[in-house]
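Working notes for the structure below.
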Amino acid sequence: MRDKHSLDAVLGTLSATAASEVPADFMDGVWQRAGQLGEIADRRRRTALFVGLFVVGLGAGAGTSGWPGGYGTSSAPFGDSAILGEQLSPSALLHVEQ
765 MRDKHSLDAV LGTLSATAAS EVPADFMDGV WQRAGQLGEI ADRRRRTALF
815 VGLFVVGLGA GAGTSGWPGG YGTSSAPFGD SAILGEQLSP SALLHVEQ
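Per the working numbering, the sequence shown starts with residue 765, numbered consecutively.
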């Protein structure tokens, strides 16, 4: 250890300090701060999990969204065919040829 002499000096000073100089509610403050640090860690963990699930869900949704099979084969514009439901039929969504 590089600072062995300074460490010994600090330990000597601490050992000379009387125990009555420590406030009575010192340990309450220590446990309160430990609880606060635990809450902060839990909040960060929950936020990270939420962000991870959001990214996975968004990626899965973007990966599965696509045009149904046969898009563009009808003579009607996409807006009209979507309203009529021909592009959203189960066979079109499963890309089953007719």
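For each residue, glycine too, the CB sits at the ideal point set by N, CA and C.
Extent of the continuous alpha helix (DSSP H) to which residue i belongs
i    : result
L771 : K768 to A780
Near the ligand PLP: residue i beta-carbon under 7 Å from a heavy atom
i    : result
D767 : For the structure depicted, the ligand PLP is absent and the ligand set is empty, with no information on it obtainable.
Any chain B beta carbon closer than 8 Å to residue i
i    : result
A826 : The structure shown has no chain B; it contains just one protein chain.
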